[in-house]
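Shown next, in structure tokens, is the structure this report addresses.
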Amino acid sequence: MIGSDTNNNNLITALYCRLSVEDMRMGESMSIENQRLMLTDYAQQHGFKNTKLYIDDGYSGTNNNRPAYVEMLNDIYDDKIGTVIVKDQSRLSRDHLESDKLMELVFPTYNVRFIAITDGVDSVNGFNDMTTMRNWFNDFYARDTSKKIRAVQRAKGERGERVGSTIPYGYMKDPDGSKKLIPDPETAPIVRRIFEMCASGLGTSKICDTLSGERVVCPSVYAFRKTGCRSGSPSLDRPYHWSQTTVRKMLSNQEYCGDTVNFKTYSKSNKLKKRLANAPENILIFKNTHEAIIDRKTFDVVQKHYEGRKRPDKIMGKVDKYAGYLYCGECGSRLYLRQGRSIDPATNNYSCSGHSKRMTDCTAHYIRAVVLDEIVLAALRKVTAYAREHADEFYAKVMSNGETEAKKRLKESERLRAKYNSRLSQLDSIIRTLYEDRVIGRITPERYDQLSTVYENEQADIKAKLSELEERIDISRLREECVNEFIAKAKEYVEMQTVTPELMRVFIRRIDVWEKEVKYSRTCGNRIDICFTFLPEALTTIKGECIELLPANAAKTQNPEG
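Count along the sequence shown starting at 1, add 885, and that's the number in our numbering.
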């Protein structure tokens, strides 16, 4: 039942206090203690009884889901509150829509008297135009503050500083520098194990079951126990419950490679608190800014798994070992495993997703899983044996393939790099001179803007070309690293009984399956191209380059069984 003016004093007198981070900078006058004393003294001096404090400490006025604020509104809707007293209108809210709704609709409807002490507002005397204007100014202040904070955060993010407030599970703040992350000795080993389990073929559900079975405390509960932070809504009654969403986010977090990733999410305005995923081109990545927990190769393998079919097998709980490796040679689409509970495992096969989803004009070619295993295993044994037993010859063949052409390209790239750097220096000098001419009046501002735009566009174009050149120059160095690592792994993996996710990760980058040369033939097999890891990843799309390097075309195989 809605109260009346005569019995307001018998209801609760709500003394509402709020303090945000921005308010703290304004000094002691805005502190919670100062507000509490001011409101309490005012209530005593003016005869308000049955007072109750509602305090939101550390909450922005643009947030309408503040705990004490929501509690106060619920008490108003339950006809428990007769008067609301605040220090000033901005304590109630900095959202002018919310403030106006309360003053013009909610308080009158439930017969609640509203008092803002320092603003001289008392609803008994009615609201004037200045009251509404003050709500608008409070909103403007919040928007202006938000704009300034966003600008500061943008500048920090563009400099490579971490702008996220949440520390990834597995890391902790460096005691010597709060902005730097270091591995947490308690949780970093758990992160490594999660990545290793995923790289070995386990799906997220199996990983969660394993961690829960071993009574490993989940990230949200661990953070609560260590810092008291309730981010992630920790279930304290289920401290060992790991969710698939948590594990999946960890497996896609590039910060574990030692990189700082800024602006992964954004909000549309200061009023909308929901964070939205940012477009890839708006995300800034700064590499090697802190100690890595996961090496890049393992991280790339895990991402490759999830680029393919993300769902693990429901029976075994494992991700298909070829996920992210198997492609159609005709259209470039992925090949996915077709299987079923009532189907003979020997007939399980991989078929082109481009054809099945009608995304391309590709044919309905396929390859049986058992046949693919045989071919891949035979190629692995042959290539690794050659690399192991004839290491020097293998190294020479790989490094000498196209070496003359490679040296020619490298020399040309170095020449272009010197040319581009020289031109960039010239452009800097030209723009500086133009600016001086504009300052002393030799050229008009309009002419300066026209010329400087032309030169700045040329600078941007040259910088883009330089970036491409650097990538090309690095390929020869990457090739040598890949070859040496391949030889070392070939000596380590001598016995290969079956194709495993680990072998795929160590030795293979990509497999292309082509249509049969004679369609629908039962004797003519599919052409299969296997690209091994002794080529840098930048060259895996150059079909056939690695094939020519191996004895008897070990990486180019025909499937005789269809």
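Yeah, the Cβ is synthetic: ideal placement off N, Cα and C, and Gly gets one too. From a predicted model like this one, the values you see are computed outputs, not experimental measurements.
If you draw a straight line from the Cα of Leu977 to the Cα of Tyr901, it comes to about 8 Å.
Of all alpha-carbon atoms in Gly1410, Val1076, Pro1119 and Thr1130, the one lying nearest the alpha-carbon of Ser1090 is that of Thr1130. When the beta-carbon positions are compared, Thr1174 and Thr1150 stay at least 8 Å from each other. Rounded to whole angstroms, the separation of the alpha carbons of Val1106 and Asp1205 is 32 Å.
By the beta-carbon neighbour count (other beta carbons within 10 angstroms, threshold 16), Asn1411 is buried. In the DSSP assignment, Phe933 is bridged to no other residue. One alpha carbon belongs to Ala1084, the other to Arg1078, and they sit about 10 Å apart.
Remark: C-beta atoms of Ile1396 and Tyr1212 approach each other more closely than 8 Å. An exposed status is given to Tyr962, since fewer than 16 other beta-carbon atoms sit within 10 Å of its beta-carbon. Proximity to Leu982 across Ala899, Gln1188, Gly946 and Asn1167 peaks at Gly946, based on C-alpha coordinates. In this structure, Val1076 lies near Ile1178, with their beta-carbon atoms less than 8 Å apart. Under the Cβ criterion (8 Å, minimum of three pairs), the stretch 1260-1270 counts as touching the stretch 1389-1404. The criterion of a C-beta distance shorter than 8 Å is not satisfied by Asp942 and Ile897. Where Cys902 is concerned, the enclosing beta strand (DSSP E) starts and stops at Ile897 to Leu904. For Glu1343, the closest alpha carbon among the candidates Tyr954, Ile1315, Arg1364 and Glu1321 is that of Ile1315.
Under the three-state reduction of DSSP output, Ala1162 falls in the strand class. The bridge partners DSSP lists for Met1057 are Ile1067. Between Met923 and Ile1000 the beta-carbon gap is near 12 Å, outside 8 Å, which marks them as no contact.
Looking at the DSSP output, Phe1022 bridges to nothing. Between Phe1012 and Met988, the C-beta gap is smaller than 8 Å, which places the two residues in contact. Between the alpha carbons of His1126 and Asp1180 lies a gap of roughly 27 Å. Residue range Asn1234 to Cys1237 is occupied by the beta strand (DSSP E) that includes Ser1236. The shortest CA-to-CA distance from Leu1319 to any of Ser1307, Ser1337, Glu1331 and Arg1302 is the one to Ser1337. In this structure, Leu1169 sits near Glu1043, with a CB-CB distance shorter than 8 Å.
By the neighbour-count criterion, in which a residue is buried when 16 or more other Cβ atoms sit within 10 angstroms of its Cβ, Leu1087 is buried. If the five residues before and after Asp973 are omitted, its C-beta is found closer than 8 Å to the C-beta atoms of Ala1001, Ile1002, Thr1003 and Asp1004, all from its own chain and listed in chain order. Ranked by Cα distance from Tyr1378, the first of Asp1094, Gly1143, Arg1273 and Ile1052 is Arg1273. The continuous alpha helix (DSSP H) containing Val1261 extends over residues Ala1254 to Glu1274.
Just measuring C-alpha positions, the residue of Tyr995, His1250 and Glu1387 sitting nearest Asp964 is Tyr995.
Per DSSP, Thr1385 lies in no beta strand (DSSP E) and is assigned neither H nor E. Within the stretch 1083-1121, there are no complete beta strand (DSSP E) runs of at least 3 residues. Asp980 counts as buried, since no fewer than 16 other beta carbons sit within 10 angstroms of its beta carbon. The alpha-carbon separation between Cys1247 and Lys1404 amounts to approximately 12 Å. Contact annotation, Glu1046 with Lys1032: C-beta distance approximately 19 Å; criterion of less than 8 Å not satisfied. Under DSSP, Val971 takes part in a beta bridge, and its partners are Ala1001.
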